[in-house]
Amino acid sequence: MAPIKVIGAAYGRTGTESLRYALDILGYNTHHMKCFFTDPNLDCNGFYNACHNREEADWDKLLADYDALTDFSAATFYYDLYKKYPDAKVILSVRPVDSWYTSVKNTIFRTIEELPDPEEGSKQFDILRLCKTVCLDGKLFNPESFLKEEEIKQMYRDHIEEVKKNIPEDQLLVVELGEGWERMCKFLGKDVPDVPYPKSNSTAQFIDYFLSQNRPVDIIPLLTKS
Numbered sequence: 068m069a070p071i072k073v074i075g076a077a078y079g080r081t082g083t084e085s086l087r088y089a090l091d092i093l094g095y096n097t098h099h100m101k102c103f104f105t106d107p108n109l110d111c112n113g114f115y116n117a118c119h120n121r122e123e124a125d126w127d128k129l130l131a132d133y134d135a136l137t138d139f140s141a142a143t144f145y146y147d148l149y150k151k152y153p154d155a156k157v158i159l160s161v162r163p164v165d166s167w168y169t170s171v172k173n174t175i176f177r178t179i180e181e182l183p184d185p186e187e188g189s190k191q192f193d194i195l196r197l198c199k200t201v202c203l204d205g206k207l208f209n210p211e212s213f214l215k216e217e218e219i220k221q222m223y224r225d226h227i228e229e230v231k232k233n234i235p236e237d238q239l240l241v242v243e244l245g246e247g248w249e250r251m252c253k254f255l256g257k258d259v260p261d262v263p264y265p266k267s268n269s270t271a272q273f274i275d276y277f278l279s280q281n282r283p284v285d286i287i288p289l290l291t292k293s
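In this note's numbering, the protein residues as written are 68 to 293.
What follows is the structure in C-alpha cells.
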C-alpha cells in the first residue's frame, strides 16, 4: 500500500491503539506493534535491522500493506519515515507524564516481568527482540533503567519536544489523550465519522490481552516455554 500518509510519532500508552482504530475508520490501514502478532506478512526482522541500518531500510517493502502507523515502532522511526514520505501528516498524541509512566509500568513493564522468554528462533523471539530495541530504546525492557522514573519521564518529555522541533508546524498535530475527532479530521481533510472516537487498550484491556486466560491464540506461544 505505502507510501505512508500518516505517522503517529508518539510513544506507546498515549492512546496509540485508539488512534490506530480511528485512522482505520477514516479509511487508512494502520500499523501498530500488535500487528506483529497478527499479520503474517510483516517482516519483524526487517524492522529490527532498520534499527541498526536506517539508511538501508526499505520502508515501501516493510510497510507494503499499510499507509499509516502508530505506537513504538512508529515513534522510533518517525523522522526516518518523514524523510522518506515528506508529504505525510504527523500526529503526536500526548498525556501527562506521570499518568503515562504509571500506565507503562502497569502494562508493558508488568508483562515483561511476568512472561517467560520465548524460544530462540521462534517468531515470538523475533518480536521480543524488536520490542527490546524500539521500546524506549531498550530501557523499557531493562528494569534497572526503567525504574529510574525521573530519567524515563524526561525521555518522554524530550521525545515530544524533538518531534515538535523536527516536523513543520503545518504537518504536525499534537492531540491530547481522549481528545476525539474534530481537530484530527480537519488536519487530515476527512469528514467526522458518525461514530464515537475509539477507546481501546486500557490498562485492564492490555492485561486481559497479554496475561489473562482470555488472551488471543496468536500470543499463546509467547507465554509458554516449549
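Just so you know, even glycine gets a beta-carbon here, dropped at the ideal spot from N, CA and C.
If you look at Ile175, you'll find it isn't in any beta strand (DSSP E); DSSP assigns it neither H nor E. Residues Arg121 of the same chain have their beta carbon placed closer than 6 Å to that of Asp147, with the five preceding and five following residues left out of the count. Pairing Lys231 with Leu197, the inter-Cα distance amounts to about 26 Å. Ranked by Cα distance from Val73, the options Asp110, Ala135, Asp125 are led by Ala135. Between Gly245 and Gly82, the CB-CB gap stays under 8 Å.
For Phe192, the CB contacts under 7 Å within the same chain, skipping 5 residues up- and downstream, are Pro185, Glu186 in chain order. Between Arg80 and Thr174, the C-beta spacing is below 8 Å. Its chain contains Lys220, Tyr223, Arg224 as the residues whose beta carbon lies nearer than 7 Å to that of Val164, once the 5 sequence neighbours on both sides are disregarded; these appear in chain order. With a cutoff of 8 Å on beta-carbon distance, Cys102 and Leu109 are scored as near each other. Thr97 is bridged by DSSP to Ala135.
Counting every other CB atom within 10 Å of its CB across the protein chains shown gives Lys156 a total of 16 or more, marking it as buried. Classified as exposed, Thr105 has fewer than 16 neighbouring CB atoms from the shown chains inside 10 Å of its CB. A straight-line Cα-Cα distance of about 31 Å links Tyr149 and Lys215. If you draw a straight line from the Cα of Glu236 to the Cα of Thr97, it is about 23 Å long. DSSP places Ile74 inside the beta strand (DSSP E), whose first and last residues are 73-75. Its chain contains Lys156, Val157 as the residues whose beta carbon lies nearer than 7 Å to that of Gln238, once the 5 sequence neighbours on both sides are disregarded; these appear in chain order.
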